[in-house]
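Residue numbers (our numbering): 67 to 244. The C-beta atom is built at its ideal place from N, Cα and C for all residues, glycine as well. Worksheet: the structure to be examined is printed underneath.
Rendered as structure tokens:
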């Protein structure tokens, strides 16, 4: 049987890499089904019965305060926690454009605490569904972004202000139904 693990995409996300890691570690024949946001994935649970859901325990929605803990309890009747594991995120970096008038800081809500050194009162923090998307939006009109180091293509006039190494707990659920 081929397992389907539903998680956040695209392939540049830590969720994708954690899913690949899990399949390899457990020697499971499976594939990853990627979504543009966990909100989109959770909105499709009804049709995913029998499949798996992989989510980091630091998850928070881009808008509001809905977190992994909320998901764990809200979907108690739809999700059965099967496994958890520790998988280190790709290094997270705070990148800055030196010559810009932009006041925008792009980040995933789960990483917002890493912004503590910035003068946030003078900046506009914009939350995105993933660190990958934070970087893509930063390229257009940002001053700062928290992103994965391996997504970064440092251009002239950009500097890495900080680098963080983060171990994450990942939760794997069986989606009930079917």
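Among the options, which one has its Cα closest to the Cα of residue i?
| i | options | result |
| --- | --- | --- |
| residue 72 | 82, 230, 86, 119 | 119 |
| residue 198 | 185, 86, 212, 192 | 212 |
| residue 204 | 157, 167, 110, 88 | 167 |
| residue 229 | 103, 190, 104, 180 | 180 |
| residue 102 | 87, 81, 158, 157 | 81 |
| residue 123 | 240, 234, 242 | 234 |
| residue 196 | 113, 177, 182, 221 | 177 |
| residue 200 | 158, 140, 68, 95 | 158 |
| residue 74 | 94, 87, 98, 88 | 98 |
| residue 70 | 114, 110, 105, 93 | 114 |
| residue 246 | 148, 129, 125 | The structure shown does not extend to residue 246, since the chain is modelled only from 67 to 244, so the question has no answer here. |
Taking all protein chains shown into account, do 16 or more other C-beta atoms lie within 10 angstroms of the C-beta of residue i, making it buried, or fewer, making it exposed?
| i | result |
| --- | --- |
| residue 209 | buried |
| residue 90 | exposed |
| residue 175 | buried |
| residue 219 | exposed |
| residue 135 | exposed |
| residue 171 | buried |
| residue 216 | exposed |
| residue 237 | buried |
| residue 94 | exposed |
Within 7 Å: the Cβ of residue i and any heavy atom of the ligand SAH?
| i | result |
| --- | --- |
| residue 82 | Absence of the ligand SAH from the depicted structure is noted, as is the absence of any ligand whatsoever, leaving it without description. |
Along the chain, where does the alpha helix (DSSP H) that runs through residue i open and close?
| i | result |
| --- | --- |
| residue 150 | Residue 150 -> not in any alpha helix (DSSP H); beta strand (DSSP E) instead, spanning 145 to 154. |
| residue 137 | 134 to 140 |
State the start and end residues of the unbroken beta strand (DSSP E) segment that holds residue i.
| i | result |
| --- | --- |
| residue 78 | Neither: residue 78 is in no beta strand (DSSP E) and is coded neither H nor E. |
| residue 163 | 158 to 163 |
Legend entry - Three or more C-beta pairs below 8 Å linking the stretch 148 to 167 and the stretch 221 to 235: yes
Legend entry - Uninterrupted beta strand (DSSP E) stretches inside the stretch 166 to 240 (no shorter than 3 residues): 170 to 174, 190 to 194, 210 to 214, 224 to 230
Legend entry - Secondary structure, beta strand (DSSP E): runs of 3+ residues fully inside the stretch 77 to 132: 96 to 101, 118 to 122
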